[in-house]
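A short worksheet on the structure shown next.
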Amino acid sequence: MKYREKLLGPGEDWLGRYTSSIRDDRAIVYEVLETLKAHVAHLAEKGLMPRDAAARIIDLLDEAERRPELVLREEFEDVHEAVEAYLEDRLGSDAGWASLGRSRNDHVAAALRLRARKFLLALLGSMIRLRETLLSKAEQHVKTVVPAHTHFQPAQPTTLAHYLLSVEEALADSWRHIHSVLVEIVDKSPLGAGAAVGTSAPLDRRRLASLLGFREPVINTLYASSSRLFLYTAASAAYTAVLVLSRFAEDMVLWSHPSLGYVELPPAHLATSSLIPHKKNPVTMEILRARAYELLGDLLALAGIEAGLPSGYSLDLQEASRHAWRILREAVVAVRVAESLVVGLRATGRGAVEAERHPVVSPDLAEGLSLEKGVPYREAHRRVAEMLAEGLDPRTIAERLGLRGPLTPWESILSKKVLGSPAPGKVEEAIAAAWERARSDRALLAETTRTYVKGEEELGRLVAWVKGGAGGDSGDTQLPKA
Ligand code: ARG
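Going letter by letter, the sequence shown gives residues 38 to 519 in the numbering used here.
What follows is the structure, encoded as structure tokens:
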């Protein structure tokens, strides 16, 4: 069965291929089949279709889940059409019950949401592992001095631990953002929305939602059937992790450069030059950095597809998903690459040497002049800057100002008083709090996953009832508890 042939006659193959989504549908075939299974089981439980027909349809959907090639056939417009044809070939007109009260528009949106949910769960899981790896590494480098840069100039001394914690906290924010997008926006069911305005079949949209483990329905049927805002939101949330990691990648490229050399990257992340014997190129970080820009193109494409559409479904929406999958998949890859790098990251000791070469304690001397001698900071800043311009070193400046120090990068670090600064006590506090945050995020993720498993179990019970009732007449068997 092909939708168009009955109404428009045979088309042209090449134009059919132009508009078909069957290749992109590979990514959602399992979710499309599960969605249809929930729909058919619900029709049966509502007494809207014969239960034995529902049982036979569900058996065939199970078979297609095991052998997706049965419904990924290139000659079809999309997987939905291919599934219908597959069912009709085997069941004849009884297969047509599966189409009552649904449209491809609400069903593809459901499948995309299910797929996005899995991607986001995988991303959240891998981000927690990366955060824990950063924390373990930070614990080893509470005393490893490196210059902190502003404007990429050596600015003030910090520690490798403090730097790693900055990356971890950014990832923790990104994690919260992604998790809330997952729970609040992605995790809603469009099922029952039909093509645009719902259906006259008395479906229970809340029941349909919970059969697929969705938290609640998208209320408005027009919005539910015709928007990819959830996909854009999921992808842009995931992209925040890519943003954090692309800046990290840039730091790693620079910090491992022989002229700075604060760190050494693990050998598996380096490549050699075919011509220059001494080269060790930081290639994984280069690729990560480049992909971040590439994915920005995908994000722009996703937004662009949504931006110009009139309300209601248009086939433009079909083009959205591949961009979202690329972003979600690459975000997971970037997290794993970064984690592997952090595990093998080594400090060389040159960060401390580099910090010594620059008068990085100058702000501490100016602050000392204010705090200990009561000189307004603007004036203190000017006096230290003038002495630096005369070519004086920090020790001489401190002597002339009557200050004891700090004279070295490490003394500067020890002098920091505020929350979140690199002073070892502050860093240790921050590490402890970050472990606690990672632990509670892990628990939250486990709980989120459990609600999806509950949905699967609920559908499993309903399907068992449908199948158990096959052959008997509907209505006489106890329905499973909703
Ligand atoms: N394959 C489409 C998609 O992925 C769903 C089909 C909607 N087609 C239609 N003519 N309403 O968005």
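Cβ atoms here follow ideal geometry from the backbone N, Cα and C, with glycine treated the same way.
Coil, strand or helix - residue i by DSSP
i      : result
Glu473 : helix
Ser226 : strand
Ala272 : helix
His186 : strand
Arg383 : strand
Ala327 : helix
Pro194 : strand
Glu301 : strand
Glu253 : strand
Ala308 : strand
Closest residue to residue i among the options (Cα-Cα distance)
i      : options                           : result
Ala230 : Thr56, Gly505, Asp143 and Ala375  : Asp143
Leu345 : Lys410, Leu266 and Ile256         : Looking at the sequence provided, one finds Gly at residue 345 rather than Leu. Comparing Cα positions, the closest option is Leu266.
Pro191 : Leu280, Gly388 and Arg166         : Gly388
Gly138 : Glu376, Arg93 and Ala81           : Ala81
Lys453 : Arg366, Val77 and Gly405          : Gly405
Leu402 : Phe189, Phe156, Val421 and Glu391 : Val421
Val503 : Tyr276, Ser130, Pro87 and Tyr269  : Pro87
Ile324 : Pro47, His360 and Val372          : Val372
Ala272 : Ala308, Pro446, Leu197 and Ile222 : Ile222
Asp96  : His117, Leu339, Leu73 and Arg110  : Leu73
His306 : Ile313, His315, Met322 and Val145 : Met322
Leu382 : Leu70, Leu98, Leu248 and Thr181   : Thr181
Thr277 : Leu297, Leu249, Glu205 and Asp224 : Glu205
Ser262 : Arg479, Ser477, Gly235 and Gly84  : Gly235
Asp353 : Trp51, Ser58 and Leu52            : Ser58
Val281 : Leu248, Ala329, Pro295 and Arg244 : Ala329
Gly457 : Glu466, Ser449 and Leu451         : Glu466
Gly296 : Ser203, Glu367 and Val390         : This sequence places Ser at residue 296; Gly is not what is there. Here the closest residue by C-alpha is Val390.
Ala274 : Pro303, Ser217 and Ala308         : Ser217
Trp292 : Ala417, Ser449, Thr433 and Ala384 : Ala384
Arg54  : Ala75, Arg110 and Pro443          : Arg110
Leu337 : Leu408, Arg326, Leu107 and Arg363 : Arg363
Beta-carbon proximity check, residue i vs residue j, cutoff 8 Å
i      : j      : result
Arg168 : Leu201 : no
Ala132 : Glu125 : yes
Arg242 : Leu259 : no
Lys174 : Val300 : no
Leu482 : Leu161 : yes
Thr195 : Pro396 : no
Ile157 : Ile65  : One point to set straight first is that residue 157 is Leu, not Ile, in the sequence displayed. Contact flag unset, no.
Tyr350 : Ala233 : yes
His2   : Val455 : It is not possible to answer for residue 2, since the shown part of the chain is limited to 38 through 519.
Arg166 : Glu376 : yes
Leu496 : Leu248 : yes
Leu339 : His315 : no
Tyr67  : Gly250 : no
Trp472 : Leu171 : no
Tyr40  : Glu100 : no
Val369 : Ser163 : yes
Asp61  : Ser358 : yes
Ser140 : Glu121 : no
Where the beta strand (DSSP E) containing residue i begins and where it ends
i      : result
Gln177 : Here Gln177 belongs to no beta strand (DSSP E); instead the alpha helix (DSSP H) covers Arg141 to Gln177.
Residue range of the unbroken alpha helix (DSSP H) whose run includes residue i
i      : result
Leu201 : Leu197 to Val218
Gly396 : With the sequence shown as reference, residue 396 is identified as Pro, and Gly is not the correct amino acid for it. Where Pro396 is concerned, there is no enclosing alpha helix (DSSP H), given that its DSSP letter is neither H nor E.
Tyr55  : Asp50 to Thr56
Asp89  : Arg88 to Arg103
Ile434 : Pro431 to Leu438
Thr258 : Thr258 to Ser263
Pro446 : Pro446 to Leu451
Leu245 : Arg242 to Leu248
His117 : Val116 to Leu128
Tyr40  : Tyr40 to Leu45
Arg60  : Ile59 to Asp62
Lys74  : Val66 to Glu82
Ala418 : According to the sequence provided, residue 418 is His. The question's Ala does not apply to it. His418 -> alpha helix (DSSP H) spans Tyr414 to Ala426.
With 16 other Cβ atoms within 10 Å as the buried cut-off, status of residue i
i      : result
His188 : exposed
Ile256 : exposed
Pro239 : exposed
Asp513 : The predicted model places Asp513 with a pLDDT of 46, which falls under 50 and marks its position as unreliable; any figure quoted below should be read in that light. Asp513 comes out exposed.
His79  : buried
His117 : buried
Lys225 : buried
Ser237 : exposed
Asp335 : buried
Ala153 : buried
Gln177 : exposed
Ala92  : buried
Trp51  : exposed
Pro443 : buried
Closer than 8 Å to chain B by CB, residue i
i      : result
Leu128 : Absent here is chain B; the protein component of the structure consists of one chain.
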